[in-house]
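Student: After the structure tokens below, expect a handful of questions from me.
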């Protein structure tokens with residue numbers, strides 16, 4: 006059985022997780038657009054809280070907080 010090069014393995018892990026991070030970010034951007042979160046933030050006159058954003062989008066505040074944290 007061939008030996009695994011630890012440096013190559015670490016580099017592969019880095020590449021894999023970088024791509025996964027990009028995929029998650031893309032999904033969150035899509036959700037924000039699809040659910041109207043970006044439109045609600047853009048139409049606010051001042052900085053907006055998650056409670057205000059939830060009210061404006063008619064979404065649950067907990068999910069707005071989860072989305073904004075990611």
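Numbering (the numbering used here), first residue to last: 6 to 75.
All C-beta atoms in this analysis are idealised placements derived from N, C-alpha and C, irrespective of residue type, glycine included.
In this text the structure is predicted, and so the values were computed from the model without any measurement.
Less than 8 Å between the beta carbons of residue 40 and residue 54, yes or no?
Tutor: By 1-based counting over the chain shown, the position of residue 40 is 35. By 1-based counting over the chain shown, the position of residue 54 is 49. No, the Cβ-Cβ distance between residue 40 and residue 54 is not below 8 Å.
Student: If we ignore side chains and look at the alpha-carbon of each, how far apart do residue 6 and residue 30 end up?
Tutor: Within the chain shown, the letter at position 1 stands for residue 6. Within the chain shown, the letter at position 25 stands for residue 30. Residue 6 and residue 30: Cα-Cα distance of roughly 38 Å.
Student: Is it the case that the Cβ atoms of residue 56 and residue 71 are separated by a distance below 8 Å?
Tutor: Locating residue 56 in the chain shown gives position 51, where the first residue counts as 1. Locating residue 71 in the chain shown gives position 66, where the first residue counts as 1. No, Cβ-Cβ distance for residue 56 and residue 71 is not below 8 Å.
Student: Please report the straight-line C-alpha distance between residue 38 and residue 22, rounded to a whole angstrom.
Tutor: Locating residue 38 in the chain shown gives position 33, where the first residue counts as 1. Locating residue 22 in the chain shown gives position 17, where the first residue counts as 1. Near 24 Å, if we compare the C-alpha coordinates of residue 22 and residue 38.
Student: Take the Cβ of residue 14 as the centre, count every other Cβ of all protein chains shown within 10 Å, and call the residue buried at 16 or more, exposed below.
Tutor: As a first step, residue 14 must be located in the chain shown, where it is residue number 9. The residue is exposed, with fewer than 16 neighbouring Cβ atoms inside 10 Å.
Student: In its own chain, which residues sit with a C-beta less than 8 Å from the C-beta of residue 45, not counting the 5 before and 5 after it?
Tutor: Position 40 of the chain shown holds residue 45. Only 53, 58, 61, 62 meet the Cβ criterion.
Student: Beta carbon of residue 25: closer than 7 Å to some heavy atom of the ligand PLP?
Tutor: Looking at this structure, you won't find the ligand PLP or any other ligand, since it has none at all.
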